[in-house]
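S.K.: Numbering (the working numbering), first residue to last: 7 to 653. Below: one structure in C-alpha cells.
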Amino acid sequence: MSFADSEILWLLLILPPGMAAFFWWSWRSRRKFMAQFIHPRLLPSLIAGLSATRQKVLAGCLVLAVTGLIVALAQPQWGYDLQEIHQRGLDIVVAIDTSKSMLAEDIAPNRLERAKLAALDLMQQAKSDRLGLVAFAGTAFLECPLTFDDVAFRQSLQSLNVKTIPEGGTALAAAIEQAAKAFKEGDNHKALVLFTDGEDHDSGALAAAKKAAAAGMRIFTIGIGSTEGDLVRIKEDNGQSDYVRDENGNVVKSHLNAGLLEKIAADSGGFYVHLSGANTVDTLYQKGLAPLPKSESSEKWIHRAHERYHWPLAFALVLLVVEMLVPERKKDRRSREFPNDGTGSTAPPGLSPKRSPAPALSGGLALILLALWPATAGASPSSALREYKSGHYPQALSEFERALEKKKDDPRLQFNAGAAAYRNRQLELAAKHFDQVIGSPDIKLQQESYYNLGNVLYHLGEQSADPAAKSARWEDALKNFENSIKLNSQDPDARFNYEFVKKKLEELKKQQQQQQDKQQQQQQNKQQQKDQTKQDQNQQPQEKQDQKDQKQDGSKDNQQQNSQSQQQQEKKQNPSQDQKQDQNKSSQPQPEQKDQGQEEQQQARAPGEMTPREARQLLDSHKSDEMTLPVSRKEKPVDQERQIKDW
Numbered sequence: 007m008s009f010a011d012s013e014i015l016w017l018l019l020i021l022p023p024g025m026a027a028f029f030w031w032s033w034r035s036r037r038k039f040m041a042q043f044i045h046p047r048l049l050p051s052l053i054a055g056l057s058a059t060r061q062k063v064l065a066g067c068l069v070l071a072v073t074g075l076i077v078a079l080a081q082p083q084w085g086y087d088l089q090e091i092h093q094r095g096l097d098i099v100v101a102i103d104t105s106k107s108m109l110a111e112d113i114a115p116n117r118l119e120r121a122k123l124a125a126l127d128l129m130q131q132a133k134s135d136r137l138g139l140v141a142f143a144g145t146a147f148l149e150c151p152l153t154f155d156d157v158a159f160r161q162s163l164q165s166l167n168v169k170t171i172p173e174g175g176t177a178l179a180a181a182i183e184q185a186a187k188a189f190k191e192g193d194n195h196k197a198l199v200l201f202t203d204g205e206d207h208d209s210g211a212l213a214a215a216k217k218a219a220a221a222g223m224r225i226f227t228i229g230i231g232s233t234e235g236d237l238v239r240i241k242e243d244n245g246q247s248d249y250v251r252d253e254n255g256n257v258v259k260s261h262l263n264a265g266l267l268e269k270i271a272a273d274s275g276g277f278y279v280h281l282s283g284a285n286t287v288d289t290l291y292q293k294g295l296a297p298l299p300k301s302e303s304s305e306k307w308i309h310r311a312h313e314r315y316h317w318p319l320a321f322a323l324v325l326l327v328v329e330m331l332v333p334e335r336k337k338d339r340r341s342r343e344f345p346n347d348g349t350g351s352t353a354p355p356g357l358s359p360k361r362s363p364a365p366a367l368s369g370g371l372a373l374i375l376l377a378l379w380p381a382t383a384g385a386s387p388s389s390a391l392r393e394y395k396s397g398h399y400p401q402a403l404s405e406f407e408r409a410l411e412k413k414k415d416d417p418r419l420q421f422n423a424g425a426a427a428y429r430n431r432q433l434e435l436a437a438k439h440f441d442q443v444i445g446s447p448d449i450k451l452q453q454e455s456y457y458n459l460g461n462v463l464y465h466l467g468e469q470s471a472d473p474a475a476k477s478a479r480w481e482d483a484l485k486n487f488e489n490s491i492k493l494n495s496q497d498p499d500a501r502f503n504y505e506f507v508k509k510k511l512e513e514l515k516k517q518q519q520q521q522q523d524k525q526q527q528q529q530q531n532k533q534q535q536k537d538q539t540k541q542d543q544n545q546q547p548q549e550k551q552d553q554k555d556q557k558q559d560g561s562k563d564n565q566q567q568n569s570q571s572q573q574q575q576e577k578k579q580n581p582s583q584d585q586k587q588d589q590n591k592s593s594q595p596q597p598e599q600k601d602q603g604q605e606e607q608q609q610a611r612a613p614g615e616m617t618p619r620e621a622r623q624l625l626d627s628h629k630s631d632e633m634t635l636p637v638s639r640k641e642k643p644v645d646q647e648r649q650i651k652d653w
C-alpha cells in the first residue's frame with residue numbers, strides 16, 4: 007500500500023490525540039463543576055440514565071472518524087494496472103543556430119534568447135508530438151533525441167549558448183544533415199524547424215535541403231534578426247566585452263539572409279516565417295505542422311495505481327452517523343413517563359429532557375472537518391495569495407512551495423514563491439525561484455523576474471563584507487535590470503534601480519581604487535626605507551676607510567713640517583745654499599702643496615657626497631642588474647588570401 011499524499015498522515019499525530027485529550031479534560035471539568043454548583047442530594051436525579059460508557063464510546067467514534075478522514079485525504083493506493091500510452095503526432099526536430107552572430111541585439115534581448123523562447127512556445131503547441139533538438143554553428147550536434155519528455159527537451163534547450171559548438175561559423179548544410187540522422191528509419195512524417203539568421207558560411211545548404219526533401223522531410227525556416235543588421239558584441243573571459251572582428255580587425259555586422267532561408271524552405275516543401283511578434287509560432291504550427299498527417303506511436307508502459315480512499319472515507323462517515331444517532335442516556339420507562347426537568351420536581355408528560363452540549367459540539371466539529379476537507383487535501387494557490395496579501399509571508403511561502411511540488415513547471419508559482427521568500431528575507435531562496443522563471447515563454451513574467459532578481463542580488467551584495475563579492479553581486483544585479491529594461495523599456499522602476507545600482511557600483515570601485523593606491527604608496531615607502539638602509543650600510547665601511555686615509559695624510563703632513571723646520575735652520579747657517587734651493591723651487595714639484603690641496607678638497611666636500619672610490623664600488627655592484635634588449639621575434643607569415651569567419 008502506498009499514499010499519493012503521505013504528508014497529510016502527519017495530522018494523525020496531532021488531531022486524534024488532541025481530540026482525545028480534549029474529551030478527557032471536558033469530562034473531568036464537567037464533573038468538577040457539577041460537584042461545585044449542584045447539591046449532592048439532587049445530583050443523582052439529574053444524571054439519572056446518563057451513561058458514562060456511552061459517552062466514552064461516542065467520543066471514541068468521533069476520534070476514529072477523524073482518523074479515517076485523514077487517511078482518506080492521504081489517498082491510499084493498493085494495486086496497479088499496466089497501461090500503454092498511445093499518441094498520434096509528428097516527429098519534429100528543432101535546429102537552433104548557436105554561432106556568435108546570434109548574439110546580435112537587433113531583437114531583444116538577443117537573437118539566441120528569442121530563438122529559445124520561440125522553441126519553448128513550439129513545445130507548448132506540440133503536446134502530442136515528439137521533439138528533438140539540434141545545435142549548430144560551424145558543425146552540428148544532436149543535443150536531444152526525439153522524445154515525448156518535455157522536461158528533457160526544455161533542459162537541453164536552456165543549456166544552449168554560443169560555446170555549445172566549439173567550431174565557429176554557420177553551416178546550414180551540416181544542421182540539415184544532422185537533423186535527417188535524428189529520424190529513425192520508417193518514420194513517415196518528418197519536420198525540421200530551423201531557427202537561424204541565415205548567414206551561411208559554407209555552401210551546400212540548398213543541395214542538402216533537396217536531398218532531405220527527397221527523403222520525406224519538410225523544412226520550415228524561422229528568420230531571426232533584421233535585414234539592416236547589427237554589430238555582434240561578445241564577452242571575453244576576463245569580463246570585458248568587445249565586438250566580433252574579422253581577420254583584418256574590422257568590426258563584423260550581421261544581417262538576416264531571408265532570401266536563402268526562403269529558398270531552403272521552398273525546395274523542401276515548407277515555408278519561411280520571420281520571427282516578429284507573439285503569433286509567429288502559432289502561425290507556424292497551425293498552418294505548417296498541424297495539417298501534416300500524424301502517425302500513431304506507443305512510447306512506454308506506465309503503472310496506473312488503484313485508488314482506495316473510499317474505504318477509509320466510508321468508515322469515517324459510518325462512525326459520524328453512529329455518533330449523531332446514538333443518545334448518551336439509556337432508555338428508561340420511568341424517565342419517559344416522568345422525565346426530570348432539572349429542578350427536582352416531576353415534569354408533565356411530553357417534556358423532553360435537556361441534552362448535554364457535548365454531542366452538539368461533536369457534531370459541529372465533524373461538519374467543520376467535512377467542510378474543510380477540500381482545503382486540507384493540498385496547498386491552494388488562492389489561499390497562499392491571501393496569506394501573502396495579509397502579510398503572513400512564511401505561511402504564504404510554505405503554501406506556494408507545497409503547490410510547486412505538484413506543479414514544478416508552473417512559472418507563476420515559481421514567481422509567487424520567490425516574492426514570498428523575498429518578503430521573508432530569504433534572499434538566496436528568492437534568487438533560486440526567480441532564476442527558474444527567466445526561461446518562461448511569458449515575456450511580461452520574464453521581465454518582472456529580471457527586475458525582482460536584480461533587487462535580490464543587490465541586497466545580497468549589501469550583506470556581503472567582501473568588496474569583491476559585493477561588486478560581483480551588484481554587477482549581476484545591473485545586468486538583470488538591463489535585461490528588464492530591454493524587455494520593457496517603459497518601466498520607470500527598472501530604469502531608476504539601474505541608475506541607482508550603477509552609481510553605487512561606481513562608488514564602490516572608486517573606494518577600491520583608493521585603497522589600492524594607498525597600499526601601493528605604502529609599499530613604495532617601505533621599499534625606499536629598505537634602499538636607504540642598504541645604502542647606509544654600504545657607506546659605513548667606506549667612511550672607516552676614509553678616516554684611515556685621513557690619518558695617514560696627517561702623519562705625512564707632520565713629517566713634512568719637521569723637514570721644513572730643519573731646512574730653515576740650515577738656511578740660517580748656509581744662506582747661499584738656501585738661495586740656490588729657492589731658485590730651483592720653480593722647476594721642481596711641490597708635494598707639500600699638493601697634499602694641502604687634497605686636504606682642502608676633502609674638507610670642501612659636502613656631507614654625504616660620494617668619493618670617486620665609492621662611486622666605482624657602486625657601479626661595480628650594479629653590473630649584475632644590467633639587462634640586454636629583447637630580440638624582436640619574427641611572426642609567421644599569414645595567408646592573406648584565406649578568409650576566416652568565426653561568427
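Ideal Cβ placement from N, Cα and C applies to all residues, glycine included. Model, not experiment: these values are computed from the prediction.
Quick check: F226 and G294, are their CB atoms within less than 7 Å of each other?
M.R.: Here residue 226 refers to the residue found at position 220 when the sequence shown is read from its first residue. Here residue 294 refers to the residue found at position 288 when the sequence shown is read from its first residue. It is a contact, given that the beta carbons lie within the stated cut-off.
S.K.: Is it the case that the Cβ atoms of N486 and G460 are separated by a distance below 7 Å?
M.R.: In the sequence shown, residue 486 corresponds to position 480, counting from 1. In the sequence shown, residue 460 corresponds to position 454, counting from 1. Cβ distance < 7 Å, so N486 and G460 count as in contact.
S.K.: Thinking C-alpha only, which one of V443, R136, E513, Q519 is nearest V199?
M.R.: As a position in the sequence shown, residue 199 is number 193, starting the count at 1. Checking every option, the nearest Cα to that of V199 belongs to R136.
S.K.: For Y278, report the span of its beta strand (DSSP E) as first-last.
M.R.: Here the question's residue 278 lines up with position 272 in the sequence shown. Here the beta strand (DSSP E) through Y278 covers 278-280.
S.K.: With the cut-off set at 7 Å, would you say L267 and I230 are in Cβ contact?
M.R.: Here the question's residue 267 lines up with position 261 in the sequence shown. Here the question's residue 230 lines up with position 224 in the sequence shown. Result no, Cβ atoms of L267 and I230 do not sit closer than 7 Å.
S.K.: Quick one: which unbroken alpha helix (DSSP H) runs of 4-plus residues sit fully inside the stretch 177-217? Chain order, please.
M.R.: 178-188, all fully within the stretch 177-217.
S.K.: Among residues of its own chain, excluding the 5 on either side of L511, which ones have a beta-carbon nearer than 8 Å to its beta-carbon?
M.R.: Within the sequence shown, residue 511 is the residue found at index 505, counting from 1. Closer than 8 Å at Cβ, skipping near neighbours: S477, W480, E481, L484.
S.K.: Does the Cβ of E393 have 16 or more other Cβ atoms within 10 Å, making it buried, or fewer, making it exposed?
M.R.: The residue given as residue 393 occupies position 387 in the sequence shown. When all chains shown are included, E393 counts as buried.
S.K.: Is it true that the CB of T176 sits closer than 7 Å to the CB of D206?
M.R.: Taking the first residue of the sequence shown as 1, we reach residue 206 at position 200. Taking the first residue of the sequence shown as 1, we reach residue 176 at position 170. In contact: D206 and T176 (Cβ atoms closer than 7 Å).
S.K.: Identify whether E253 lies in helix, strand or coil by the three-state DSSP scheme.
M.R.: Position 247 of the sequence shown, counting from 1, holds the residue named residue 253. If DSSP states are grouped into helix, strand and coil, E253 belongs with coil.
S.K.: Take the Cβ of M129 as the centre, count every other Cβ of all protein chains shown within 10 Å, and call the residue buried at 16 or more, exposed below.
M.R.: Position 123 of the sequence shown, counted from the start, is the residue given in the question as residue 129. When all chains shown are included, M129 counts as buried.
S.K.: Contact between the stretch 440-457 and the stretch 487-501: three or more CB pairs below 8 Å?
M.R.: With a cut-off of 8 Å, the stretch 487-501 and the stretch 440-457 count as touching, because enough Cβ pairs lie within range.
S.K.: Report the option in F9, F147, E183 whose CA atom is closest to the CA atom of E173.
M.R.: One-based indexing of the sequence shown puts residue 173 at position 167. Of the listed residues, the one whose Cα sits closest to E173 is F147.
S.K.: Residue range of the alpha helix (DSSP H) that I76 falls in?
M.R.: Along the sequence shown, read from residue 1 onward, the residue named residue 76 stands at position 70. Its alpha helix (DSSP H) spans residues 58-79.
S.K.: Could one say the Cβ of K293 lies closer than 7 Å to chain B's Cβ atoms, at least one of them?
M.R.: Among the protein chains of the structure shown there is no chain B, as only one such chain exists.
S.K.: Can you tell me where the alpha helix (DSSP H) with T104 in it begins and where it stops?
M.R.: Looking up residue 104 in the sequence shown gives position 98. Counting along the chain, T104 falls outside any alpha helix (DSSP H), and DSSP gives it neither H nor E.
S.K.: Excluding the 5 residues preceding and the 5 following N458 in the sequence, name in chain order all residues of the same chain whose CB lies nearer than 6 Å to its CB.
M.R.: Position 452 of the sequence shown, counting from 1, holds the residue named residue 458. Same-chain partners within the cutoff: F440.
S.K.: In the structure shown, what three-state DSSP assignment does D441 receive?
M.R.: Here residue 441 corresponds to residue number 435 of the sequence shown, with the count starting at 1. The answer is helix: DSSP assigns D441 an H, G or I state.
S.K.: Could you compute how far the alpha carbon of A214 sits from the alpha carbon of H465?
M.R.: As a first step, residue 214 is located in the sequence shown; it is residue number 208 there, counting from the start. As a first step, residue 465 is located in the sequence shown; it is residue number 459 there, counting from the start. Using only the alpha carbons, I get a separation of about 53 Å.
S.K.: Whole angstroms is fine: what's the gap from E505's alpha carbon to Q469's?
M.R.: Along the sequence shown, read from residue 1 onward, the residue named residue 505 stands at position 499. Along the sequence shown, read from residue 1 onward, the residue named residue 469 stands at position 463. Cα to Cα, the separation comes out at about 20 Å.
S.K.: Any idea which residues DSSP pairs Y86 with across the strands?
M.R.: Here the question's residue 86 lines up with position 80 in the sequence shown. Paired residue(s): A311.
S.K.: Within 8 Å, do at least three Cβ pairs link the stretch 421-441 to the stretch 112-130?
M.R.: The answer is no - the stretch 421-441 does not touch the stretch 112-130, with fewer than three Cβ pairs under 8 Å.
S.K.: Which whole-angstrom value describes the C-beta separation of W84 and M7, a residue pair presumed to lie in contact below a C-beta threshold of 8 Å?
M.R.: For the purposes of this step, residue 84 is identified with residue 78 of the sequence shown, where counting begins at 1. For the purposes of this step, residue 7 is identified with residue 1 of the sequence shown, where counting begins at 1. Yes, W84 and M7 are in contact; Cβ-Cβ is about 5 Å, under 8 Å.
S.K.: Indicate whether the contact test is met: 3 or more Cβ pairs, each with one atom in the stretch 56-64 and one in the stretch 97-104, closer than 8 Å.
M.R.: The stretch 56-64 vs the stretch 97-104: no contact.
S.K.: Which partner residues of S247 appear in the DSSP bridge assignment?
M.R.: Here residue 247 is taken as the residue at index 241 of the sequence shown, counted from 1. BP columns for S247 point to K241.
S.K.: Flag this pair as yes or no: are the beta carbons of E405 and A390 separated by less than 7 Å?
M.R.: In the sequence shown, counting from the first residue as 1, residue 405 sits at position 399. In the sequence shown, counting from the first residue as 1, residue 390 sits at position 384. Contact: yes.
S.K.: Could you give the first and the last residue of the continuous beta strand (DSSP E) run that contains V258?
M.R.: Taking the sequence shown and counting its residues from 1, the one referred to as residue 258 is at position 252. Careful: V258 lies outside any beta strand (DSSP E) and carries neither H nor E.
S.K.: Here's the rule I'm using: 16 or more other beta-carbon atoms within 10 Å means buried, otherwise exposed. How should T202 be labelled?
M.R.: Walking along the sequence shown from the start, residue 202 turns up at place 196. Buried, since its Cβ has 16 or more Cβ neighbours within 10 Å.
S.K.: Taking D273 and K196 to be in contact with their CB atoms under 8 Å, please state how far apart those CB atoms are, rounded to whole angstroms.
M.R.: By 1-based counting over the sequence shown, the position of residue 273 is 267. By 1-based counting over the sequence shown, the position of residue 196 is 190. Wrong, their Cβ atoms sit about 15 Å apart, outside the cutoff.
S.K.: My output table needs one value for S404: the three-state DSSP class, helix, strand or coil.
M.R.: Numbered from 1 along the sequence shown, position 398 holds the residue referred to as residue 404. It is helical.
S.K.: What is the DSSP secondary structure of V140, reduced to helix, strand or coil?
M.R.: Mapped onto the sequence shown, residue 140 falls at position 134. Strand, per DSSP.
S.K.: Rounded to the nearest angstrom, how far is the Cβ of S247 from that of R239, given a contact under 8 Å?
M.R.: Position 241 of the sequence shown, counted from the first residue, corresponds to residue 247. Position 233 of the sequence shown, counted from the first residue, corresponds to residue 239. The Cβ separation is near 6 Å, so the contact holds.
S.K.: If you reduce the DSSP assignment to three classes, tell me which class A271 lands in.
M.R.: In the sequence shown, the residue the question calls residue 271 occupies position 265. The answer is helix: DSSP assigns A271 an H, G or I state.
S.K.: Whole angstroms is fine: what's the gap from A180's alpha carbon to G204's?
M.R.: Residue 180 sits at position 174 when you count from the first residue of the sequence shown. Residue 204 sits at position 198 when you count from the first residue of the sequence shown. Approximately 13 Å between the Cα atoms of the pair.
S.K.: Can you tell me the Cα-Cα spacing of D11 and I76, whole angstroms?
M.R.: In the sequence shown, the residue the question calls residue 11 occupies position 5. In the sequence shown, the residue the question calls residue 76 occupies position 70. The alpha-carbon atoms of D11 and I76 are separated by roughly 11 Å.
S.K.: How many Å lie between K190 and A218 at the Cα?
M.R.: For the purposes of this step, residue 190 is identified with residue 184 of the sequence shown, where counting begins at 1. For the purposes of this step, residue 218 is identified with residue 212 of the sequence shown, where counting begins at 1. Between K190 and A218, the C-alpha separation is close to 14 Å.
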